[in-house]
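Asks: Residue numbers (my numbering), protein chains in the order written: chain V, 1 to 210; chain H, 211 to 420; chain U, 421 to 630; chain P, 631 to 840. C-beta atoms are modelled at their ideal positions from N, C-alpha and C, and glycine is treated no differently. All values derive from a computational prediction rather than experimental measurement.
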DNA sequence: ACTTAAACGAGACGGTACGTCGAGTCTTACC
DNA sequence: GGTAAGACTCGACGTACCGTCTCGTTTAAGT
């Protein structure tokens, strides 16, 4: 396959890469995704346009990498005082499924509401809907790993008999992630801790009388 | 409020309006929302650019109106043979809540999968996430009316004792609309009748053992 | 030949015509000829665009009529106290050709420098250079009548033996009108009374030693 | 003076510059100045609009440069066979002032009548009358240099005693350039060799009897 | 330490679309 | 039927970015 003489990533300027991430995240917050231009990113990063085009095919991809990097940094930050064992991304398992799910979902809500994450994450979600290639990458690298944590926790709950054995965890988790995503992205209602709790309750016990 | 000498809508050309709707819907299907330009809409509709700009502030707004018109037409079509009483938008109430919900949700899935609706609806959803003004209009005029049908049906079910009285219908409905929206928009999994059925079952009875 | 049903000038609105003249003259002074638009003229005159288009083919023609009207008014004004005999446009004949020419040429200079006349007259001259049709009308209705006054005066001078009999007056007059026009239109030098005097002297007596 | 980050002229595309000149000169001849658009120039030159706007503020300026370049080319052409000494722009001095002036003025008339030069030159002259900034440049770069040749020749004639010592050459030359300009630009009469001769005669010897 | 080739900053280039303005035509309602 | 008003199609405006393409200038590997 004849690519356009693919760039040599070993000689890549780390300095420029970081500057581009910073510029992209700043701009998406300041002017929004659709008004964020590659020229503006380059100019703000003090970088030539070609340096952006050399490494990313579109502004969406720049933002995706920038956002993943942001997440990586945050995680590294949270663990920098640890002795060595890296705290994994994990849903707690206290034995009380309902409490554990509420705890995590509340944290998710907090994050989605945080402007620092909202702007880029929302932009990526929206862009991914129209651009299947970007959307696939978004889901694969960002969304699905997070959802798999629920799968793992639900499997444990099934083994503990707290979830019916014939329930498909991959579907079950959508009972609360779907609604939260919808409220967040489409602003169809307030996104609060109370709302998160209610979703978990309804999902676990159903809405029909017992 | 000093607008730029608002145009006189009584003198508006119906011909142009329809042509613009058709062009917008065709283009969003053919080239996608982001590559759809106002110039292309105007040109395809055989209309001056100014005529588009005179009546809509952005291509998103054009598409929203075009899509609403499309829905209106479809509904009118479906009722043109009726005696006179307009069949309302309504969720059937056969007494069997689960069956009724599955029926409607399957229909929703079919519609979302239909390319005729998918392209514009998806574009509007995505655009509405980045543009709060458009998003609000999208929700108010398109999404919320549909969701309210579930509220009504769930209220009836509550009166019939089929749904617990302390359940909030506006939240409950999101147990299935949220997941469907997520699968559809973010392509996180297959969107099938089986999936729809499963969501309704989980939502009604919960995922914990009974 | 089927014209577009030529308008009936007997039913023409005098009110509108005057308002259009005023608007055109005001605008050419305020924003210049090229930024003066027919829409602006109509709007300022409180008149529909069609009323302008019905009676004039271009903004140049509007301005030409407006300027001719302005000249007519000025002349009427100058004669409104007269007993009845209309003072004709005429170059004085005191018997002293040089003095008479200097007098008239100084007056011409004063007029060309007067902003009230400069803007429209200059616009018409320039436009007439690029648009032969307008140019011909400009020359025929505005310029040539003025030049013919010199022809008449020079003929009288020839009869009085003050101008060589083989001199062509129509060419001779250009010895001073040409230079004045050039200085005025192309701003190649100061346009003063002294300059006017000098031109007349050179033209009458030549620049070679006598 | 804070310009908009003035472009770097060392990186300018010579190819584009020439193509733009050619397009501008062709267009002004074909459709006239007022119907010549910057879009058409760019399109015909196979150039982006921005490349025109980057280097010139208006179509008038483009045409001025194009015309100057045309003159430069013509002059270079005329001298390419020379040994090295560039034939200067110069009015011949045969000792016979009248003959020399007639010779040059006839050549001027020929040039003004040549369609190749008429269209752009006329357009520049007319545009310069309405746009003082362009007019100043036109006079300074195109008109005045030509007029100064007459000043030089007349000074020589004064030294030779063929022109009265108190005559101002800068004014004297207008006795024939002014009329020629007027006939040419305003089409007030035929522009012929005979006319040119007559003007020189009148100007040199005056129109009064000797 | 020196060479050398790739990445880099800068930004000009041919394009496309933007959103606005005005041209000239046409329609509506009024007088 | 002329008029004021203004919506219409069309085309050009001047601007903003696109993605590509030179230009020198770092800069880091491999001699």
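If we ignore side chains and look at the alpha-carbon of each, how far apart do residue 357 of chain H and residue 9 of chain V end up?
Replies: Their backbone Cα atoms lie some 50 Å apart in a straight line.
Asks: Which residues mark the beginning and the end of the alpha helix (DSSP H) in which residue 801 of chain P is found?
Replies: Counting along the chain, the alpha helix (DSSP H) containing residue 801 of chain P begins and ends at 799-802.
Asks: Thinking C-beta only, is residue 52 of chain V closer than 8 Å to residue 105 of chain V?
Replies: The answer is no: Cβ separation not under 8 Å.
Asks: Does the stretch 653-667 of chain P come close enough to the stretch 694-706 of chain P to have 3 or more Cβ pairs within less than 8 Å?
Replies: The answer is yes - the stretch 694-706 of chain P touches the stretch 653-667 of chain P, with three or more Cβ pairs under 8 Å.
Asks: Report the option in H:245, H:354, H:343, H:305 whose CA atom is closest to the CA atom of residue 267 of chain H.
Replies: Ranking H:245, H:354, H:343, H:305 by Cα distance to residue 267 of chain H puts H:343 first.
Asks: Report yes if the C-beta distance between residue 651 of chain P and residue 704 of chain P is below 8 Å; otherwise report no.
Replies: Cβ distance not < 8 Å, so residue 651 of chain P and residue 704 of chain P don't count as in contact.
Asks: Would you call the stretch 306-314 of chain H in contact with the stretch 245-258 of chain H, where contact means no fewer than 3 C-beta pairs closer than 8 Å?
Replies: Cβ pair count under 8 Å is below three, so no.
Asks: Helix, strand or coil for residue 230 of chain H, going by three-state DSSP, please let me know.
Replies: Helix at residue 230 of chain H.
Asks: Mapping DSSP to helix, strand and coil, what is residue 636 of chain P?
Replies: Coil.
Asks: Closest to residue 832 of chain P by C-alpha separation, out of P:748, P:758, P:804, P:768, would be which residue?
Replies: When only C-alpha atoms are compared, the closest one is P:804.
Asks: If you draw a straight line from the C-alpha of residue 397 of chain H to the C-alpha of residue 336 of chain H, how long is it?
Replies: Roughly 13 Å between the two C-alpha positions.
Asks: Using a Cβ-Cβ cut-off of less than 9 Å, list which residues of the stretch 318-351 of chain H approach chain V; keep chain order.
Replies: From the stretch 318-351 of chain H, only 332, 333, 335, 336, 337, 338, 339, 340, 341, 342, 345, 346, 348, 349 have a Cβ closer than 9 Å to chain V.
Asks: Is the beta carbon of residue 151 of chain V closer than 8 Å to that of residue 169 of chain V?
Replies: A contact, by the Cβ cut-off of 8 Å.
Asks: From residue 405 of chain H to residue 221 of chain H, what distance separates their C-alpha atoms?
Replies: Roughly 49 Å between the two C-alpha positions.
Asks: Using a Cβ-Cβ cut-off of 8 Å (strictly less than) and excluding sequence neighbours within five positions of residue 46 of chain V, which residues of its own chain qualify?
Replies: Excluding residues within five positions, the ones whose Cβ falls inside 8 Å are 19.
Asks: Tell me the rounded alpha-carbon separation between residue 591 of chain U and residue 786 of chain P.
Replies: Taking the straight line from one Cα to the other gives about 27 Å.
Asks: Does any residue of chain H have a CB that is nearer than 8 Å to the CB of residue 150 of chain V?
Replies: Cβ-Cβ to chain H under 8 Å: no for residue 150 of chain V.
Asks: When the Cα atoms are used, what is the spatial distance from residue 624 of chain U to residue 665 of chain P?
Replies: Their Cα atoms are separated by approximately 43 Å.
Asks: When the distance is taken between beta carbons, is residue 813 of chain P closer than 8 Å to residue 549 of chain U?
Replies: For residue 549 of chain U and residue 813 of chain P, no; Cβs fall outside 8 Å.
Asks: Using a Cβ cut-off of 8 Å, pull out every chain U residue sitting near residue 773 of chain P, in sequence order please.
Replies: What residue 773 of chain P touches in chain U: 606, 608.
Asks: Anything in the stretch 475-491 of chain U with a Cβ closer than 9 Å to a Cβ of chain P? List those residues in chain order, please.
Replies: Residues: none.
Asks: Taking CB distances under 8 Å as the criterion, tell me whether residue 523 of chain U reaches chain P.
Replies: Not an interface residue.
Asks: Restricting to Cα atoms, I'd like to know which of V:29, V:200, V:13, V:16 is closest to residue 119 of chain V.
Replies: Here the closest residue by C-alpha is V:29.
Asks: Would you grab the beta carbon distance between residue 191 of chain V and residue 62 of chain V for me? Rounded to a whole angstrom, and I think it's under 8 Å.
Replies: The Cβ separation is near 27 Å, so there is no contact.
Asks: Is the Cβ of residue 417 of chain H closer than 8 Å to any Cβ of chain V?
Replies: Interface residue, yes.
Asks: By Cβ distance, which residues of its chain are closer than 8 Å to residue 754 of chain P, with the 5 residues on each side in sequence left out?
Replies: Around residue 754 of chain P: 690, 693, 694, 697, 764, 768, 772.
Asks: Measuring alpha carbon to alpha carbon, tell me which residue in P:709, P:727, P:725, P:828 is nearest residue 719 of chain P.
Replies: Closest by alpha carbon: P:709.
Asks: What is the residue span of the alpha helix (DSSP H) that residue 79 of chain V lies within?
Replies: Element bounds for residue 79 of chain V: 59-79.
Asks: State yes or no: is the beta carbon of residue 377 of chain H nearer than 8 Å to at least one beta carbon in chain V?
Replies: Yes, because at least one Cβ of chain V sits closer than 8 Å to the Cβ of residue 377 of chain H.
Asks: Should residue 154 of chain H and residue 206 of chain V be called a contact, given that it needs their Cβ atoms to be closer than 8 Å?
Replies: Missing from the structure shown is residue 154 of chain H; chain H here goes from 211 to 420 and no further.
Asks: Alpha carbons only, please: which of V:114, V:6, V:55, V:197 is nearest the one belonging to residue 14 of chain V?
Replies: Considering only alpha carbons, the answer is V:55.
Asks: In whole angstroms, give me the CA-to-CA distance for residue 107 of chain V and residue 91 of chain V.
Replies: Answer to the nearest angstrom: the Cα atoms are 11 Å apart.
Asks: Could you confirm whether any beta carbon from chain V is found closer than 8 Å to the beta carbon of residue 412 of chain H?
Replies: Yes, its Cβ sits closer than 8 Å to a Cβ of chain V.
Asks: Along chain V, in chain order, which residues have C-beta atoms closer than 7 Å to that of residue 382 of chain H?
Replies: Within 7 Å Cβ-Cβ: 202, 207.
Asks: Could you please give the first and the last residue of the uninterrupted alpha helix (DSSP H) stretch that includes residue 771 of chain P?
Replies: Where residue 771 of chain P is concerned, there is no enclosing alpha helix (DSSP H), given that its DSSP letter is neither H nor E.
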